[in-house]
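Below is one structure, written out as structure tokens, with a few remarks after it.
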DNA sequence: TTAATAGTGTCTTTCAGACAATATTAT
DNA sequence: ATAATATTGTCTGAAAGACACTATTAA
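Protein chains in written order, with my numbering: chain A, -2 to 239; chain B, -2 to 239.
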């Protein structure tokens, strides 16, 4: 088949769609935009757009910046984690024509409220769960959540959700928000510190204790590990095994 | 951006490329084809082709059948494991035009020698490592190997490399071939049997012992687990952590 | 003073990995 | 008989998770 000229084949449109997750007020949120035009006008969807003369990663970053109204690679977007999630290309996923969408997962610390992009009617952070999105975006979002939940186990990705300097409790709150269950504070604390390269101390502490009392916590920043070993496994997942 | 008509954007060609791995003679092999036409005529490449009016998964399966000369979903191909690996779309990855390739990873038990497809000059099983492939196929292959190595740890995917009924030693040989290091026979044996749902006994044994002696081994088939818990971690991966 | 939180100590159970031992079979 | 292999046993150290405890701070 490779002897055919690619131009002989019916053309596809290629888009990127981004599942951008953040944590606000202790809950996991996803960035969604309200569609301003058909198809699915008035429905909410994941931010996305057509790929131009650029790499797929660049297209995703580009889309992220446009929908958040932030500078790519600078300020709050400088520390965004971005990874390819999967590609969705069922023949009928877009009623207009054959569109293949490369989905990305992005994780960010608490970002400002989004400024709607050029043709979205509105953009906002929506707390999970979220359903009823346009196209196959419910499926894409579910894939993003699965990926994020899973990667918290064996990578230091949780640090992508917190500011550059953070406390162990803040990190624990990330796990609680993403996994949807509280973790034992004492065991979590000891565990995080025991994994080589997960976090490194700054020598500083917070200025104040907690809202309702408690000592001032030590501050940490992300360490140099790319994999957590041993991993931080989710409690009791018997259900998930079969 | 979604208000634009997709047809207004420069068209892409979309292909699937498949990293099909199998184990022959205790070594990991990948299916490669020799390109019969430009670009890269005469070079080896991963099997692949343009996506027609079908889902991406169907296109991959289709391509697999074509390049192996086997019936899709029947016979040896019935038990093939197929999963999406990632999408590669750098603007210059194909000199002819903008081509986005959705890569798939496929794992199969020992298959017959391939029959070259319609326009490949040749097709063969090539023992790893393999380098010098056309396009960005070295990168795609590396991604496939990473994925396979990693998934053997926490999924029962190793069973995709063995016949329907197999011995624990055959399963251990899969791990050895994919990870490139031998595992302790006794510990592996006990470990595999201790993971719920990984394998289930058939009550049968092999007809003969090993080539050079030894008792007849019990036969097993794949169990109903989709995740291994606890996982079978690769020995000593300190290097990989940072 | 009271309550909340950070951080540490201890114990039990599970698991990984090293090593040994026994039984079975091809040659 | 000999060597190879399957399978099981035992031990040690790492790690997970339950629980308790102390110290510090906001209100």
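Using N, Cα and C, we set each Cβ at its ideal position, and we do this for glycine too.
On a predicted model such as this, the values are computed, not experimentally measured, just so you know.
Quick one: residues in its chain with C-beta nearer than 7 Å to the C-beta of residue i, no 5 flanking neighbours on either side, listed in chain order?
| i | result |
| --- | --- |
| residue 45 of chain B | 12, 13, 14, 15, 60 and 98 |
| residue 169 of chain B | 180, 182 and 185 |
| residue 219 of chain B | 153, 156 and 196 |
| residue 144 of chain B | 82 and 102 |
| residue 90 of chain A | 96, 132 and 133 |
| residue 206 of chain B | 212 and 213 |
| residue 224 of chain B | 151 and 152 |
| residue 70 of chain B | none |
| residue 93 of chain A | 36 |
| residue 172 of chain B | 149, 155 and 180 |
| residue 21 of chain A | 107 and 122 |
Exposed or buried, which one is residue i when buried takes at least 16 other CB atoms within 10 Å?
| i | result |
| --- | --- |
| residue 57 of chain B | buried |
| residue 199 of chain A | exposed |
| residue 8 of chain A | buried |
| residue 157 of chain B | buried |
| residue 75 of chain B | exposed |
| residue 49 of chain A | exposed |
| residue 72 of chain B | exposed |
| residue 120 of chain B | buried |
| residue 162 of chain B | exposed |
| residue 201 of chain A | exposed |
| residue 178 of chain A | exposed |
| residue 86 of chain A | buried |
| residue 208 of chain A | exposed |
Once you ignore the five residues that flank residue i on each side, which residues in its own chain have a CB closer than 8 Å to its CB?
| i | result |
| --- | --- |
| residue 176 of chain A | 146, 149 and 231 |
| residue 165 of chain B | 185, 186, 189, 190, 196, 214, 215 and 217 |
| residue 227 of chain A | 192 |
| residue 136 of chain A | 85 |
Among the residues of its own chain, which have a CB less than 6 Å from the CB of residue i, if the five just before and after it don't count?
| i | result |
| --- | --- |
| residue -1 of chain B | Because the pLDDT of residue -1 of chain B is 44, which lies under 50, any placement of that residue in the model is unreliable, and the number read from its coordinates should be weighed accordingly. Result list for residue -1 of chain B: empty, nothing under 6 Å. |
| residue 80 of chain B | 102 |
| residue 83 of chain B | 100 and 140 |
| residue 54 of chain A | none |
| residue 118 of chain A | 31 and 33 |
| residue 78 of chain B | 104 and 157 |
| residue 138 of chain B | 16 |
| residue 167 of chain A | 159 |
Assuming residue i and residue j make a contact with CB atoms under 8 Å, what is their CB distance in whole Å?
| i | j | result |
| --- | --- | --- |
| residue 195 of chain B | residue 214 of chain B | With a Cβ gap of about 16 Å, residue 195 of chain B and residue 214 of chain B do not count as contacting. |
| residue 6 of chain B | residue 6 of chain A | That pair is no contact at about 16 Å. |
| residue 28 of chain B | residue 122 of chain B | 6 Å |
| residue 88 of chain A | residue 51 of chain B | 7 Å |
| residue 65 of chain A | residue 124 of chain A | At roughly 17 Å, the Cβ-Cβ gap does not stay under 8 Å, so residue 65 of chain A and residue 124 of chain A are not in contact. |
| residue 19 of chain A | residue 107 of chain A | 6 Å |
Is any heavy atom in the ligand ADP found nearer than 7 Å to the beta carbon of residue i?
| i | result |
| --- | --- |
| residue 60 of chain A | Absent from the structure shown: the ligand ADP. Ligands present: none. |
Near-chain A residues of the segment 4 to 32 of chain B - C-beta to any C-beta below 9 Å: 4, 5, 6, 7, 8, 9, 10, 11, 12, 30 and 32
Check whether the segment 32 to 42 of chain B touches the segment 115 to 135 of chain B, counting contact only when three or more Cβ pairs, one atom from each stretch, lie closer than 8 Å. yes
Report the residues of the segment 173 to 186 of chain A with a CB closer than 7 Å to any CB of chain B, ordered along the chain. none
In chain order, what residues of the segment 69 to 90 of chain B put their CB closer than 7 Å to some CB of chain A? 81, 83, 84, 86, 87 and 88
Residues of the segment 142 to 173 of chain A with Cβ closer than 7 Å to any Cβ of chain B, in chain order: none
Mind checking the segment 94 to 108 of chain A against chain B and listing, in chain order, the residues whose C-beta falls within less than 7 Å of any C-beta there? 94, 96, 97 and 99
Give, in chain order, every residue of the segment 203 to 219 of chain B whose Cβ lies closer than 9 Å to some Cβ of chain A. none
Residues, ordered as in the chain, of the segment 120 to 140 of chain A that lie near chain B by beta-carbon distance below 8 Å: none
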